[in-house]
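J.: Those letters in the sequence shown? Residues 1 to 279, per the UniProt record's numbering, in order.
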Amino acid sequence: LAYRGSLLVPIPFNFLPIQRIAVLLNIPYITDNHKGCSNKKCIHGECIQYFNDPNNTTFCQCYRGWTGRYCTIPHQCKCTSDSLCIGVSSNNRSICICPINRWGSRCLLHDDVCQQENIICQNGGKCIPMPSTKKFECICSKEFFGEKCEIPSNKISLSFDKDLVLPETMLIHFIEVKQNNAPPEIGVTFKKISINRKPVIIFWPRILHIVFVELFPKNYYLTYLESNYNQSTIVQKQLKSSDRCPYIGEIFNETFTKLHLIRRIKYFHVPCSNLQLSC
């Protein structure tokens with residue numbers, strides 16, 4: 001177990017008996033260094049800054065065997081040696097953070113579900129035991145999905161035409177068409193574009209029928225279109241300026257765009273006769 005950082009979540013109405021707080025938890029990368037500080041009051045601990053607080057509020061992170069605001073109160077930690085002891089509860093019990101294969105208030109209970117021979121996460125997946133259900137979950141890499149990470153994800157290799165102006169980043173929109181007039185399922189992912197315009201590899205584990213690339217805000221390029229989905233699809237696409245989906249004002253004149261929507265509907269088939277339009 002490795003400590004990554006701490007968040008400060010304010011409680012606005014602490015006089016209420018029940019609190020409901022909605023907060024977005026941004027977990028820092030494992031390579032990010034937590035912000036230290038210098039507070040000589042932390043006797044048996046380390047001064048740490050909350051990484052989400054703009055006021056740079058600090059606290060004392062006590063060493064094992066100590067507790068209190070400034071880590072001055074001795075406390076015999078009851079957690080197992082391979083767990084993290086992060087504090088003391090109101091009834092003077094140790095607060096333990098257990099490793100993956102242990103659980104319980106003191107991390108004394110061992111879960112060996114991931115050591116069973118028939119439970120093997122494939123393709124580099126990581127097995128996570130679920131003690132409450134006596135089951136497990138495989139955390140897969142982006143290249144695979146499935147109960148045991150046994151299914152390759154859809155792969156899109158996207159290159160760019162030399163005449164295409166590129167930003168630093170792009171959004172990829174995935175659309176799954178549902179049956180029985182159900183609304184489509186939409187997903188979005190984010191990718192950076194290198195300065196030397198190297199091809200971008202995108203993995204998507206869910207069903208896809210249509211893919212759009214958004215290079216600039218509200219500028220979409222049709223990248224993939226297939227009515228019959230095939231699992232683990234591999235797509236190689238060079239994005240060109242001709243793949244851009246033009247605005248309605250670029251296809252029709254100003255008089256048409258000012259018409260009521262009901263009157264415009266009967267003309268929506270007209271652009272389909274233009275074979276130079278991809279969308």
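Even for Gly, the Cβ is constructed at its ideal location relative to N, Cα and C.
#1: Below 7 Å CB to CB, which residues in the same chain sit around GLU147 once its five sequence neighbours on both sides are set aside?
#2: Could you give the distance in angstroms between the alpha-carbon of ASN228 and the alpha-carbon of CYS279?
#3: Three or more beta-carbon pairs under 8 Å between the region 234-244 and the region 252-263, yes or no?
#4: Mind checking whether SER157 and ILE201 have CB atoms under 8 Å apart?
#5: Run through DSSP, which three-state label would VAL200 get?
#6: Between CYS102 and PHE160, is the Cβ-Cβ spacing less than 8 Å?
#7: Going by DSSP, which residues form a beta bridge with GLY45?
#8: Touching or not, the region 88-95 and the region 110-122, by the rule of three or more beta carbon pairs under 8 Å?
#9: What separation, rounded to the nearest whole angstrom, lies between the Cα atoms of LEU215 and SER232?
#10: In whole angstroms, what separates the C-alpha of GLN76 from that of GLY65?
#11: I need the boundaries of the alpha helix (DSSP H) containing PHE174, first residue and last residue.
#12: If contact is defined by three or more beta carbon pairs under 8 Å, each pair taking one atom from either stretch, is the region 165-175 in contact with the region 183-192?
#13: Between CYS79 and CYS60, how many whole angstroms is the CB-CB distance? I'm expecting something under 8 Å.
#14: Between SER237 and MET130, what straight-line distance do the alpha-carbon atoms span, to the nearest angstrom?
#15: Identify the continuous beta strand (DSSP E) that holds ILE86 and give its terminal residues.
#16: What does DSSP give as the partner residues of GLU143 in its beta bridges?
#17: Nearest to PRO10 by CA position, among PRO28, ASP53, PRO17, is which residue?
#18: Starting from THR255, trace the alpha helix (DSSP H) both ways and give me its first and last residue.
#19: Would you identify the three-state DSSP class for GLY249, choosing helix, strand or coil?
#20: If you check the beta carbons only, do ASN123 and PHE203 fall under 8 Å apart?
#21: Reducing DSSP to helix, strand and coil, say where residue 286 ends up.
#22: Would you call the CB atoms of HIS34 and CYS62 closer than 8 Å?
#23: To the nearest angstrom, how far is it from the Cα of ALA2 to the Cα of PRO99?
#24: By DSSP's criteria, ASN219 is part of a beta bridge. Which residues make up the other side?
T.: For this structure:
#1: Cβ within range, chain order: CYS138.
#2: Inter-residue distance for ASN228 and CYS279 is about 19 Å (C-alpha atoms, whole angstroms).
#3: Below 8 Å, too few C-beta pairs join the region 234-244 and the region 252-263 to call them touching: fewer than three.
#4: For SER157 and ILE201, yes; Cβs fall inside 8 Å.
#5: Here VAL200 sits in strand by DSSP.
#6: Inspection of the sequence shows that residue 102 is occupied by Arg rather than by Cys. Taking 8 Å as the Cβ cut-off, ARG102 and PHE160 do not qualify as a contacting pair.
#7: Looking at the DSSP assignment, GLY45 forms a beta bridge with CYS62.
#8: Taking 8 Å as the limit for Cβ pairs, the verdict is that the region 110-122 does not touch the region 88-95.
#9: Whole-angstrom Cα-Cα distance: 25 Å.
#10: When only Cα atoms are considered, GLN76 and GLY65 end up about 5 Å apart.
#11: Per DSSP, PHE174 belongs to no alpha helix (DSSP H); it is in the beta strand (DSSP E), 169-176.
#12: Contact between the region 183-192 and the region 165-175 is present, because at least three Cβ pairs lie under 8 Å.
#13: Contact annotation, CYS79 with CYS60: C-beta distance approximately 19 Å; criterion of less than 8 Å not satisfied.
#14: The displayed chain sequence assigns Lys, not Ser, to residue 237. Here the alpha carbons of MET130 and LYS237 stand approximately 41 Å from one another.
#15: 84-88 is the span of the beta strand (DSSP E), which, as asked, contains ILE86.
#16: Assignment of beta-bridge partners to GLU143 by DSSP yields no partner.
#17: Its Cα nearest to that of PRO10, the residue ASP53 stands out among PRO28, ASP53, PRO17.
#18: Its alpha helix (DSSP H) spans residues 254-257.
#19: Assignment of GLY249 by DSSP, reduced to helix, strand and coil, places it in the helix class.
#20: No; because the gap between Cβ atoms is not below 8 Å, this pair is not in contact.
#21: The chain is shown only over 1 to 279; residue 286 falls outside these bounds and no answer can be derived.
#22: The answer is no: Cβ separation not under 8 Å.
#23: The C-alpha of ALA2 lies about 10 Å from the C-alpha of PRO99.
#24: The bridge partners DSSP lists for ASN219 are PHE216.
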